[in-house]
Amino acid sequence: MKDQIYDLLRERILGEQYRFGDKINILSLSNELGVSNTPIREAISMLERDGLVKVTPNAGPRVIEYSPALFRQVEKAMETLILGALELNVSLDRREKLVKLLDASLRSQEKSYNSRNYHKYIQDSLGFDSCFIRCASN
């Protein structure tokens, strides 16, 4: 049950039904979903571990506040990870495989963008970045 609630809340956060800084009302969710507070709290703990939610004692859970400083930190971490994976792919002579993965990912992004499915476009954009890591790990 907690995994299903986690997926639901994660989708609501990423789909911007919950915006940055929004409070997540456990009682309302409990009533909406017809479940006790326990699986909701467990799902929120999972979201906090993932960095999507911040739980403050006596204030409850909130979707993280996203600031320019946090964006720069995440951007730098992603850049480091992707460049490291690119170096590994080159050293393992996986350039051709990487190019094929990146090409397929770009085609998917273009299709999502042209159909104005921006949520899918964002997912596809993240998929482009993950091509470097997937290729390096095979």
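Numbering of the sequence shown is given in our numbering, commencing with residue 191 and proceeding in unit increments. Built from N, CA and C at the ideal position, the CB exists for glycine as well. Values in this document were obtained by computation on a predicted structure and should not be read as measured data.
| Item | Value |
| --- | --- |
| At least 3 beta-carbon pairs within less than 8 angstroms: the segment 202 to 211 vs the segment 247 to 262 | yes |
| Rounded straight-line distance, which links the Cα of residue 291 to that of residue 325 | 8 angstroms |
| Counted within 10 angstroms of its Cβ, other Cβ atoms place residue 322 as buried (16 or more) or exposed | buried |
| Status (buried if at least 16 other CB within 10 Å, exposed otherwise) for residue 314 | buried |
| Neighbourhood of residue 229 by C-beta, 6 angstroms cutoff - its chain only, sequence neighbours within 5 removed | 191, 192, 195 |
| Sequence-distant residues of the same chain with beta carbon closer than 7 angstroms to residue 200, five excluded per side | 237, 242 |
| Start and end residues, beta strand (DSSP E) containing residue 244 | 243 to 246 |
| Local Cβ density within 10 Å of residue 226, reported as buried at 16 or more and exposed below that | exposed |
| Per DSSP, cross-strand counterpart(s) of residue 253 | 243 |
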